[in-house]
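Visitor:
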Amino acid sequence: MFLAGALARSTKTVFRPIAALTFKPTNTLRPITTSTKLYKEDKRSSLPSHIDPNDTTHEGQFSRTDNKVSIEYPEEHDLPPSVPVQGRGAIHFKRTLSSFSLEGRSCVVTGGARGLGLVMSQACVISGADVALVDLNKEEGQRQADQLMQHFHDENPGAENVPKVTSHYADVANPESVNAALAEIIKDHGKIDHLVTSAGFTENFDAITYPFDRVKKLWGVNVDGTYLFATGVARHLMERKAQGSMVMIGSMSGAVVNVPQPQAPYNAAKAAIRHLASSLAVEWAHAGIRVNVISPGYMLTALTKKILDDNPELYKHWTSLIPVGKMGEPEDLMGAVTYLLSDASGYVTGADLRVDGGYTVT
Ligand SMILES: NC(=O)c1ccc[n+]([C@@H]2O[C@H](COP(=O)([O-])OP(=O)(O)OC[C@H]3O[C@@H](n4cnc5c(N)ncnc54)[C@H](O)[C@@H]3O)[C@@H](O)[C@H]2O)c1
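Residue 0 is where the sequence shown starts when you use numbering that gives the first Met the number 0, and the numbers rise one by one after that.
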């Protein structure tokens, strides 16, 4: 269920000022209360003449979270299915670098049954790779795997090298489930060369009232899930003495606090993913394993479309803050993921590639 914009919570609790309880001025410290007052008076007196110093309603209004925006991640049966991108996979004769090809490679994509994970899986297939879709919803993954294969056949009639696309169940936050899925993938595909971790979700509650079991679930899927799959695939690559590369899906929310929706645990999770990727990039550089991050901005997946249909004001607010003036299409990640997985990015590791229409540079 979406709780779209519904839960205006009153916060009438009166807090005692912490400073009054704990701050004891000494001879060596300038009393903070005095300097704060002076600063405020100085600032007010230097306002442009047409500004009413008593009108504070506009202050900070474009850079604050709004606790009225409350959106819960839907249950599995409420998640809308995604549609694969059409008409991008045919053989073409435009010159491009062969180092972008993923031919002969085997890629694992978590969260591959829907949204960004599905589109990035399709980019891998189009670039010549075999792909293992991993998701909580194995049936939806299988349906999409069949569709990806069908698209490939439609767009490449008579092709000799046909990619293999498989679907696997895993709860990415559960170590046993992750290990079982990796063993199944290695059995089916013979090896793993690349990983994309797209299983993850966001939801919006203000930090004070966010149910803590949901916070733990969010961190479990986004952070533990990324860590477990990354270490599992790295272990396999090192056992094979093979090089490889991984792309972790972070978010612009790992670098900036985007508004107005409150989502502190999600932002913290995505910041963790960025630094996890940097740390693993250093730790595994000796083994030829590269680890990079893609940080998408607001992307129009089936799920975000549904959320924005219910919250038209949110759509206006979001697009007003994106320099290019529009949300991204999931397809906008196809080139980014292919570049970071392939040999074209051979000297790139520990990087964070923002695909956000310029959101984080303003
Ligand atoms: N859509 C955006 O605007 C956007 C922006 C920035 C970052 N992201 C990130 O991109 C990633 C993908 O998001 P999306 O928009 O495609 O979401 P989505 O909900 O459309 O797809 C996520 C997929 O992950 C799967 N999943 C969820 N929990 C799982 C678990 N425990 N184990 C295995 N699979 C699980 C879901 O079943 C679903 O198929 C997420 O990490 C998200 O935070 C999305």
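We put the beta carbon where it would ideally sit given N, CA and C, even for glycine.
Check the DSSP bridge columns for Arg289 and list the partner residues they point to.
Guide: Within the sequence shown, residue 289 is the residue found at index 290, counting from 1. Note: Arg289 sits in a beta bridge opposite Ser244.
Visitor: Does the beta-carbon of Asn291, which I'm using as the reference point, lie nearer than 6 Å to any heavy atom of ligand 1?
Guide: Here residue 291 refers to the residue found at position 292 of the sequence shown. Incorrect: Asn291 has no Cβ contact closer than 6 Å to ligand 1.
Visitor: Is Gly114 helix, strand or coil when you go by DSSP?
Guide: Position 115 of the sequence shown holds residue 114. Helix, per DSSP.
Visitor: Taking Ile125 as the reference, give the member of Leu101, Arg142, Tyr209 and Thr208 with the closest Cα.
Guide: Here residue 125 refers to the residue found at position 126 of the sequence shown. The shortest C-alpha separation from Ile125 is found at Leu101.
Visitor: For Glu312, count the other beta carbons within 10 Å of its own beta carbon; 16 or more makes it buried, fewer makes it exposed. Which is it?
Guide: Here residue 312 is taken as the residue at index 313 of the sequence shown, counted from 1. With fewer than 16 Cβ atoms within 10 Å of its Cβ, Glu312 is classed as exposed.
Visitor: Can you tell me whether Glu238 is buried or exposed, with buried defined as 16 or more other CB within 10 angstroms of its CB?
Guide: Translated into the one-based positions of the sequence shown, residue 238 becomes position 239. With fewer than 16 Cβ atoms within 10 Å of its Cβ, Glu238 is classed as exposed.
Visitor: By Cβ distance below 8 Å, which residues in the same chain neighbour Gly116 in space, the five residues on each side in sequence not counted?
Guide: If you number the sequence shown from 1, residue 116 lands on position 117. Non-local C-beta neighbours of Gly116 in its own chain, meaning closer than 8 Å and more than five positions away in sequence, comprise Val108, Thr109, Gly110, Leu132, Asp134, Val195, Ser197, Ala198 and Ile248, ordered along the chain.
Visitor: State the start and end residues of the unbroken beta strand (DSSP E) segment that holds Ser105.
Guide: Your numbering for residue 105 matches position 106 in the sequence shown. Start and end: Ser105 to Thr109.
Visitor: What separation, rounded to the nearest whole angstrom, lies between the Cα atoms of Ser362 and Gly349?
Guide: Outside the displayed range of the chain (0 to 361) lies residue 362, so it cannot be described from this structure.
Visitor: Does ligand 1 have even one heavy atom less than 6 Å from the beta-carbon of Ile184?
Guide: Your numbering for residue 184 matches position 185 in the sequence shown. The beta carbon of Ile184 sits no closer than 6 Å to any heavy atom of ligand 1.
Visitor: Closer than 6 Å by C-beta to Asp351: which residues in its own chain qualify, once you throw out the five before and the five after it? Chain order, please.
Guide: Here residue 351 corresponds to residue number 352 of the sequence shown, with the count starting at 1. Cβ neighbours of Asp351 beyond the five flanking positions: Arg273, Val292 and Ser294.
Visitor: On the DSSP bridge assignment, give the partners of Leu194 in chain order.
Guide: Residue mapping note: residue 194 aligns to position 195 of the sequence shown, counting from 1. Answer is Val107 and Met245, bridged to Leu194.
Visitor: Is the beta carbon of Ser69 sitting closer than 7 Å to the one on Asn203?
Guide: Residue mapping note: residue 69 aligns to position 70 of the sequence shown, counting from 1. Residue mapping note: residue 203 aligns to position 204 of the sequence shown, counting from 1. Going by C-beta atoms, Ser69 is nearer than 7 Å to Asn203.
Visitor: Mind checking who Ile70 pairs with in its DSSP beta bridge?
Guide: For the purposes of this step, residue 70 is identified with residue 71 of the sequence shown, where counting begins at 1. BP columns for Ile70 point to Asn203.
Visitor: For a test of the three-state rule: what should DSSP assign to Lys23, helix, strand or coil?
Guide: For the purposes of this step, residue 23 is taken as residue 24 along the sequence shown, with counting starting at 1. Summary for Lys23: the model assigns pLDDT 38, below 50, so the residue's position carries little reliability, and this model does not support an answer.
Visitor: Expressed to the nearest angstrom, what Euclidean distance is found between the alpha-carbon atoms of Thr56 and Val214?
Guide: For the purposes of this step, residue 56 is identified with residue 57 of the sequence shown, where counting begins at 1. For the purposes of this step, residue 214 is identified with residue 215 of the sequence shown, where counting begins at 1. Spanning the two alpha carbons is a distance of roughly 32 Å.
Visitor: Buried or exposed for Gly345, please, with buried defined as at least 16 other CB atoms from any protein chain shown within 10 angstroms of its CB.
Guide: Along the sequence shown, read from residue 1 onward, the residue named residue 345 stands at position 346. So Gly345 ends up on the exposed side.
Visitor: For the alpha helix (DSSP H) that Val222 lies in, which residues bound it at each end?
Guide: Start at 1 with the first residue of the sequence shown, and residue 222 comes out as number 223. Run containing Val222: none; DSSP gives neither H nor E here.
Visitor: Cα-Cα, which of Asp153, Val220 and Gly334 is closest to Phe99?
Guide: Taking the sequence shown and counting its residues from 1, one reaches residue 99 at position 100. Ranked by how close their Cα comes to the Cα of Phe99, the residues Asp153, Val220 and Gly334 have Gly334 in first place.
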